[in-house]
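Protein sequences appear in the order of chains Z and V.
34 is the number of the first residue of the first sequence in this note's numbering; add one for each residue after it.
34 is the number of the first residue of the second sequence in this note's numbering; add one for each residue after it.
Even glycine gets a Cβ: it sits at the ideal position worked out from N, Cα and C.
Protein chains: 2
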Amino acid sequence: MTTTGTLVPVFAALGDETRWNILAALGEGDASASALAARFPVTRQAIAKHLTVLQGAGLVESLRVGRELRYRVLGAQLSETARKLDRIGAEWDRRLAAIKRIAEDL
Amino acid sequence: MTTTGTLVPVFAALGDETRWNILAALGEGDASASALAARFPVTRQAIAKHLTVLQGAGLVESLRVGRELRYRVLGAQLSETARKLDRIGAEWDRRLAAIKRIAEDL
DNA sequence: TCCAACTGCAACTCATTGGTTGCATTCTGA
DNA sequence: TCAGAATGCAACCAATGAGTTGCAGTTGGA
Chain Z
34 MTTTGTLVPV FAALGDETRW NILAALGEGD ASASALAARF PVTRQAIAKH
84 LTVLQGAGLV ESLRVGRELR YRVLGAQLSE TARKLDRIGA EWDRRLAAIK
134 RIAEDL
Chain V
34 MTTTGTLVPV FAALGDETRW NILAALGEGD ASASALAARF PVTRQAIAKH
84 LTVLQGAGLV ESLRVGRELR YRVLGAQLSE TARKLDRIGA EWDRRLAAIK
134 RIAEDL
C-alpha cells in the first residue's frame, strides 16, 4: 500500500505553469500576494487562489508581517515528494523486471 | 535556469487519482486499455484518454502485441522527475537560508 | 472467409478551475 | 483620527478536462 493519498494534491498543485512561476518567485524570497501580483500579469485574487492551493498541498506556508500576509516556499516538502516518487518508480521497475524474468523462464 | 518546461506536464499527469490507479495497475504488469477498463469503473475510452496523457508525459510506453496495444509503465521517468524535484527544493532552501543569514547580519 | 474482439475517432455533457470584477473589511502610520 | 494599503469574500465567465455514447475501421483465429 503506497501512500499516494497525500501525494496527488501536491502533483495537482505542481501541474500548473503559473503556480511554478509563483513558487520560483517565492524561491528568491518571501512575498505577499499583492507583491507577487505586481510581478505577474494576473490579478492579486488569482495569485491568492494559487497560494491557497499551494498551501493546501503543503508547498508554502503563510506568516503575518504587520498588515501583510507573507508566503514562504517549503523546499522540504518537494524533497519529501521526490523521495516518495523515487521509491514508487523503483518499485514498479523491480516488479516488472521480476515478471519479465518469470516470462523468460517459460 | 531550471528546466521546469518538460516537468509541468508530468505533474499535471500525476495530479489525477484515476491516472495513479492506472499507473499502479500497470506497475503490476503490462495491460491494454480494454483490459484496464475491465478493472475500473470507467469506460475504455476514458482509460484510453488517460493513457494518452500518461504517454505524452513519458510515464508509459505502448507496444503492439497481436491486435492489442499493451501499455508499460516507465518507472525511470519517475526517478528522473524525483531527482529534478529534489534539486529544485534544495536550491530554494539554500537561497532562503542565505537571505535569512543576510537579514540577521543587519 | 467471416465473426468477434480490439482500437480509433467524433460529438456531447457536466464539473472543475483559472481568471476576472466589485465591494467589504481590517489595520498601519502619519 | 482618517486616508490608504492590505486582505477577504462572492458572483460571474470562459476554457479545460474527465467521462460518456455511438459508430467506423482493423485484425486475428477458428
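Short CB-CB distance (under 9 Å) between residue i and chain Z
i              : result
residue 122(V) : yes
residue 41(V)  : yes
residue 105(V) : yes
residue 132(V) : yes
residue 95(V)  : no
residue 48(V)  : yes
residue 102(V) : no
residue 99(V)  : no
residue 108(V) : yes
Neighbour flag for residue i against chain V, beta carbons, 9 Å
i              : result
residue 87(Z)  : no
residue 138(Z) : no
Backbone CA spacing between residue i and residue j [nearest angstrom]
i              : j              : result
residue 153(V) : residue 50(V)  : For residue 153(V) there is no data in the structure shown, the boundaries of chain V being 34 and 139.
residue 116(Z) : residue 115(V) : 7 Å
residue 65(Z)  : residue 96(V)  : 49 Å
residue 103(Z) : residue 43(Z)  : 21 Å
residue 107(Z) : residue 73(V)  : 36 Å
residue 67(V)  : residue 83(Z)  : 37 Å
residue 48(V)  : residue 122(Z) : 16 Å
residue 136(Z) : residue 60(V)  : 16 Å
residue 81(V)  : residue 129(Z) : 21 Å
residue 71(V)  : residue 62(V)  : 15 Å
residue 52(Z)  : residue 100(V) : 42 Å
residue 90(Z)  : residue 46(Z)  : 7 Å
residue 133(Z) : residue 118(Z) : 23 Å
residue 112(V) : residue 41(V)  : 15 Å
residue 77(Z)  : residue 69(Z)  : 8 Å
residue 120(Z) : residue 75(V)  : 28 Å
Residues that residue i bridges to, as DSSP identifies them
i             : result
residue 61(V) : Looking at the DSSP assignment, residue 61(V) forms no beta bridge with any residue, so it has no partner.
residue 95(V) : 104(V)
Opening and closing residue of the alpha helix (DSSP H) in which residue i lies
i             : result
residue 44(V) : 40 to 47
residue 66(V) : 66 to 72
residue 86(V) : 77 to 89
Query raised in the report: When Cβ atoms are compared, which residues of the region 58 to 84 of chain V fall closer than 9 Å to chain Z?
Result: 59, 60, 61, 62, 63
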